[in-house]
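**Student:**
Numbering (the numbering used here), first residue to last: 31 to 232.
Here it is in structure tokens:
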């Protein structure tokens, strides 16, 4: 029996989020997967990452609770909210997708180049994603978080239940990480295209 990993304990993986034939994304499972992925920043172990995982889900969840029948998919939640001339949840979703894009690009860089320092993977992804939307006050906070990322070896240890990460366990983590990132990239791409549509803007 192989050892358990952080991925084995997730409430919801992005690989298990239902995506319809029309690219509609189920809201409940999407929010569960987003919450699960956010715990990765706890695993990274630095308080500097707290701003990275700031609660971006709250406004989206509030809208889902307020209008459940109009919020079964992420896209319908946003469009139906915008019809009421409000955009609180839609704006929250925009920032959530930006955060997920940052996370997916960071992890993709690591998957594609495992010899690159994790801090460099995060820093490079930040420059391509969130940095474009952040003002001068918040950028130093994120740069501090990037610098505080653990070593690659420590990262794998934190994702494993065993203190000693065997080659077999590391291979399992890499396989699970790749599966999660591939699913996350697909969902981020779908939602970014949706958010570019006229009826998704405010």
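Glycine is no exception: its CB is placed at the ideal position from the N, C-alpha and C atoms.
1. Three or more C-beta pairs under 8 Å: does that hold for the stretch 31-46 against the stretch 196-203?
2. Short check: CB of residue 148 to CB of residue 175, under 7 Å?
3. Need the endpoints of the alpha helix (DSSP H) that residue 109 sits in, please.
4. Where are the alpha helix (DSSP H) runs, 4 residues long or more, that stay fully inside the stretch 114-176, in chain order?
5. Which of helix, strand or coil does DSSP assign to residue 49?
6. Determine the DSSP secondary structure at residue 179, reduced to helix, strand or coil.
7. Could you name the residues of the same chain whose beta carbon sits closer than 6 Å to that of residue 138, not counting the 5 residues immediately before and after it, in chain order?
8. Between residue 143 and residue 111, what straight-line distance do the alpha-carbon atoms span, to the nearest angstrom?
9. For residue 42, report the span of its alpha helix (DSSP H) as first-last.
10. Between which two residues does the alpha helix (DSSP H) harbouring residue 211 extend?
11. Rounded to the nearest angstrom, how far is the Cβ of residue 227 from that of residue 127, given a contact under 8 Å?
**Tutor:** If we stick to the structure as given:
1. yes
2. For the purposes of this step, residue 148 is taken as residue 118 along the chain shown, with counting starting at 1. For the purposes of this step, residue 175 is taken as residue 145 along the chain shown, with counting starting at 1. No, the Cβ-Cβ distance between residue 148 and residue 175 is not below 7 Å.
3. One-based indexing of the chain shown puts residue 109 at position 79. From DSSP, the alpha helix (DSSP H) with residue 109 extends over 104-112.
4. 118-142, 148-158
5. Here the question's residue 49 lines up with position 19 in the chain shown. It is a strand residue.
6. Taking the chain shown and counting its residues from 1, the one referred to as residue 179 is at position 149. Three-state DSSP puts residue 179 in coil, outside helix and strand.
7. Taking the first residue of the chain shown as position 1, residue 138 is located at position 108. Taken in chain order, the residues that qualify are 211.
8. Locating residue 143 in the chain shown gives position 113, counting from the first residue. Locating residue 111 in the chain shown gives position 81, counting from the first residue. Going by the C-alpha atoms only, they are around 41 Å apart.
9. In the chain shown, counting from the first residue as 1, residue 42 sits at position 12. Per DSSP, residue 42 belongs to no alpha helix (DSSP H) and is neither H nor E.
10. As a first step, residue 211 must be located in the chain shown, where it is residue number 181. Counting along the chain, the alpha helix (DSSP H) containing residue 211 begins and ends at 197-225.
11. Indexing the chain shown from 1 puts residue 227 at position 197. Indexing the chain shown from 1 puts residue 127 at position 97. In fact, because the Cβ distance is near 13 Å, the residues do not count as touching under 8 Å.
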